[in-house]
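*Asks:* In this text, residue positions in the sequence shown follow the working numbering: the first is 4, and each later residue adds one. Cβ coordinates follow ideal geometry from the N, Cα and C atoms, glycine included.
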Amino acid sequence: MIESKTIAHRFGAALGPENTAATLKRAVELGVCWVEFDASLLKDGTVIVFHDEEFDRCTDKTGLLKDATWQDVSQMDGGSWFSPDFKGEPILELGAALRLLDEVGMNINLEIKVNGAEHVELTERVHQIVAENWSGKNKLLYSSFSHEALVHLRKMDNTAQIGHLFEDLPSDWQAQAEAVKAITIHADVDELSRNDIMSVKAAGYPLYLYTVNDVAQGLGLLDQGVDAVFTDCPDAFKDTSSPAGALL
Ligand code: G3P
Ligand code: MG
Numbered sequence: 004m005i006e007s008k009t010i011a012h013r014f015g016a017a018l019g020p021e022n023t024a025a026t027l028k029r030a031v032e033l034g035v036c037w038v039e040f041d042a043s044l045l046k047d048g049t050v051i052v053f054h055d056e057e058f059d060r061c062t063d064k065t066g067l068l069k070d071a072t073w074q075d076v077s078q079m080d081g082g083s084w085f086s087p088d089f090k091g092e093p094i095l096e097l098g099a100a101l102r103l104l105d106e107v108g109m110n111i112n113l114e115i116k117v118n119g120a121e122h123v124e125l126t127e128r129v130h131q132i133v134a135e136n137w138s139g140k141n142k143l144l145y146s147s148f149s150h151e152a153l154v155h156l157r158k159m160d161n162t163a164q165i166g167h168l169f170e171d172l173p174s175d176w177q178a179q180a181e182a183v184k185a186i187t188i189h190a191d192v193d194e195l196s197r198n199d200i201m202s203v204k205a206a207g208y209p210l211y212l213y214t215v216n217d218v219a220q221g222l223g224l225l226d227q228g229v230d231a232v233f234t235d236c237p238d239a240f241k242d243t244s245s246p247a248g249a250l251l
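1) So, helix, strand or coil for Ser-244, using DSSP?
2) Mind checking which residues open and close the alpha helix (DSSP H) that includes Ser-257?
3) Under a three-way DSSP split, which group does Ser-7 fall into?
4) Is Phe-148 close to ligand 1? I mean its beta-carbon at under 8 Å from any heavy atom of the ligand.
5) Exposed or buried, which one is Glu-121 when buried takes at least 16 other CB atoms within 10 Å?
6) List the endpoints of the continuous beta strand (DSSP E) containing Glu-39.
7) Name the one or two DSSP bridge partners that Asp-191 has.
8) Tell me the rounded alpha-carbon separation between Gln-164 and Phe-14.
9) Closest to Asp-230 by CA distance: which of Ser-202, Pro-209 and Lys-241 is it?
10) Would you call the region 66-73 in contact with the region 143-157, where contact means no fewer than 3 C-beta pairs closer than 8 Å?
11) Find the nearest neighbour of Asn-112 within the set Trp-73, Val-35, Leu-195 and Phe-58, judged by alpha-carbon distance.
12) Which residue from Leu-212, Asn-198 and Glu-56 puts its Cα closest to that of Ala-206?
13) Among the residues of its own chain, which have a CB less than 6 Å from the CB of Leu-11, if the five just before and after it don't count?
14) Are Asn-110 and Asn-161 touching if we call contact CB-CB under 9 Å?
15) Using only the alpha-carbon positions, how far apart do Val-183 and Ile-115 sit?
16) Determine the direct distance from the alpha carbon of Thr-214 to that of Ser-244, and round the result to whole angstroms.
17) Return the CA-CA distance between Trp-73 and Gly-91, expressed in angstroms with no decimal places.
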């Protein structure tokens, strides 16, 4: 599914403030061709590109996303927390992000980030925004930790490309993947054993692990049969000399 061995996690969270256009620009300059990002719901139905449930860590404001409107979010500084160089960097609304990603020719892993009971509303909003803002000329792989969100997405769209996202690998992982016709498995590198890796590969699924920022660890995983790693540091992987060449 993914031709690259690396996927820039949150657009490349070590390059700049995660999930922002400034960071995406840096990833593009590095030659990144796959990025992952998180889609989260606000109180007014707006979907934004944002990881956390609350604004505290990645903006100059506090509070929960579920209590905020786009009007509130559009006033926030999403860059200063990372460095003064990014002062005033806006939070992206999903439609604007998709148009930008389309413009730069990026392939995307769109993670549907369900934090409460919003899986139906968020999945429907995401699907509609994709239909309105994504040309389809590059690849789009949806994923979510929320099995319910993926079931709902599959009900709405029989052709969507879905990756099933897990932390550790539950015993019924394959049944869950089959229930949503997932084509890839994504899981936490710190939770997967060598046997887990072998089980997923034996079942024929591409396996992508998050989050791998150490290049030696990444190369070791690829040797074990892992197909790609999510990394905050695509710059580090770009300079890797390995038998396979640069990993980007
Ligand atoms: O999609 C892979 C990874 O992003 C999942 O974890 O918490 O960084 O969204 P998280
Ligand atoms: Mg994510």
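*Replies:* Reading from the atomic positions:
1) Bear in mind that a pLDDT of 46 at Ser-244, under 50, signals an unreliable position, so the number given afterwards is only what the model happens to contain. If DSSP states are grouped into helix, strand and coil, Ser-244 belongs with coil.
2) With the chain covering 4 to 251 only, the question about residue 257 has no answer from this structure.
3) coil
4) yes
5) buried
6) 37-44
7) Tyr-213
8) 20 Å
9) Pro-209
10) no
11) Val-35
12) Asn-198
13) Note on identity: in this sequence residue 11 is Ala, with Leu being the wrong assignment. Correct list, in chain order: Ala-30, Val-35, Val-38 and Pro-237.
14) no
15) 14 Å
16) Model confidence at Ser-244 stands at a pLDDT of 46, short of 50, so the residue's coordinates are unreliable and nothing is read from them.
17) 16 Å
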